[in-house]
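Notes for the one structure printed next.
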Amino acid sequence: MKILTLLGGARKKGSTATVAGWIESELQSMGHEVESIPLQNKDLKGCLACGKCKEVTETVGCIQKDDAIEILDKMVAADLVLFTSPLYFWGLAGPLKTLIDRTFSFYVNYHQPGHASLVEGRRQALLVTGGGPYKNNAEPVFTAFDRLQGPHMAIKSGELYIGGCKTRDDLSEKQKEQAVEFARKIVG
Ligand SMILES: Cc1cc2nc3c(=O)[nH]c(=O)nc-3n(C[C@H](O)[C@H](O)[C@H](O)COP(=O)(O)O)c2cc1C
39 MKILTLLGGA RKKGSTATVA GWIESELQSM GHEVESIPLQ NKDLKGCLAC GKCKEVTETV
99 GCIQKDDAIE ILDKMVAADL VLFTSPLYFW GLAGPLKTLI DRTFSFYVNY HQPGHASLVE
159 GRRQALLVTG GGPYKNNAEP VFTAFDRLQG PHMAIKSGEL YIGGCKTRDD LSEKQKEQAV
219 EFARKIVG
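Going by this note's numbering, the sequence shown opens with residue 39, and the numbers climb by one from there.
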């Protein structure tokens with residue numbers, strides 16, 4: 039399977055990148071092709087809501103020419119996209135949220151006859167790490183992710199929350215096992 043990991047965390051050696059690395063290692067050992075894109079230093083402009091992308095059905099029709107275009111094309115070409123992010127104020131980190139907004143360009147006619155999407159049938163999975171003490175800490179993010187597959191016509195293949203981490207030193211062996219198990223699940 040061709041797998042694309044989107045790294046939403048700013049810290050190259052942070053908890054999110056560490057857990058994503060464990061997932062990627064397991065996927066590679068299973069024979070999958072994995073490409074990982076750190077989003078932090080990419081030029082990602084916010085969606086203009088201009089609707090120009092809705093006039094194009096065969097390609098990503100966004101009129102903004104920044105780094106998002108190449109990443110969106112890679113998302114279309116992948117069998118599975120693994121979205122990863124630290125929890126920032128109970129939401130996704132900015133660069134990943136901005137990129138997801140730009141996936142507005144993937145589909146046409148949502149909730150109407152003729153609904154079509156460039157990522158129809160592709161798999162999507164989400165990893166979130168967080169440090170806070172709240173129960174159901176990442177609930178809003180997982181609810182939003184669950185709805186994303188509607189307009190995208192994609193398939194959710196898994197979601198994983200790794201809590202209690204301020205730095206990657208807080209990560210436990212048990213969480214590593216969870217990450218490995220998650221990797222097997224999302225391609226299963
Ligand atoms: C700006 C900012 C906002 C944060 N907001 C939350 C939050 O709402 N809930 C939470 O549990 N942790 C929050 N945290 C903690 C991080 O989500 C947590 O430490 C995460 O594992 C960091 O990932 P990283 O090491 O990949 O950067 C926040 C951290 C920062 C810097």
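Glycine included, each C-beta is placed from N, C-alpha and C at the ideal position.
Quick caveat, the model's predicted, so the values are computed rather than measured.
Subject >> Spatial distance of residue 207 from residue 142 (CA atoms) >> reply: For this step, residue 207 is matched to residue 169 along the sequence shown. For this step, residue 142 is matched to residue 104 along the sequence shown. Distance between residue 207 and residue 142, taken at the CA atoms: about 37 Å.
Original post:
Is it buried or exposed for residue 150, if we count other Cβ within 10 angstroms and need 16 for buried?
Top reply: Taking the first residue of the sequence shown as 1, we reach residue 150 at position 112. By the neighbour-count rule (16 or more Cβ atoms within 10 Å), residue 150 is not buried but exposed.
Original post:
Would residue 64 be called buried (16 or more neighbouring beta carbons within 10 Å of its own) or exposed?
Top reply: Reading the sequence shown from its first residue, position 26 is the one you call residue 64. Looking at its Cβ environment, which holds 16 or more other Cβ atoms inside 10 Å, residue 64 is buried.
Original post:
Would you say residue 121 and residue 78 are within 8 Å of each other, going by their C-beta atoms?
Top reply: For this step, residue 121 is matched to residue 83 along the sequence shown. For this step, residue 78 is matched to residue 40 along the sequence shown. Taking 8 Å as the Cβ cut-off, residue 121 and residue 78 do not qualify as a contacting pair.
Subject >> Distance cut-off 7 Å: residue 203 Cβ against heavy atoms of ligand 1 >> reply: Reading the sequence shown from its first residue, position 165 is the one you call residue 203. Yes - ligand 1 has a heavy atom lying nearer than 7 Å to the Cβ of residue 203.
Original post:
Expressed to the nearest angstrom, what Euclidean distance is found between the alpha-carbon atoms of residue 209 and residue 218?
Top reply: Here residue 209 is taken as the residue at index 171 of the sequence shown, counted from 1. Here residue 218 is taken as the residue at index 180 of the sequence shown, counted from 1. Straight-line Cα distance between these residues: approximately 14 Å.
Original post:
Near residue 220, which residues of its chain fall below 7 Å by C-beta distance, leaving aside the five closest residues on each side in sequence?
Top reply: Sequence index remark: in the sequence shown, residue 220 carries index 182 (1-based). Cβ-Cβ distances below 7 Å link residue 220 to 61, 196 and 198 in the same chain, with the five nearest sequence neighbours on each side left out; the list follows chain order.
Original post:
Just to confirm, does residue 54 get its C-beta within under 7 Å of one of the non-hydrogen atoms of ligand 1?
Top reply: Here residue 54 is taken as the residue at index 16 of the sequence shown, counted from 1. True, at least one ligand heavy atom lies under 7 Å from that Cβ.
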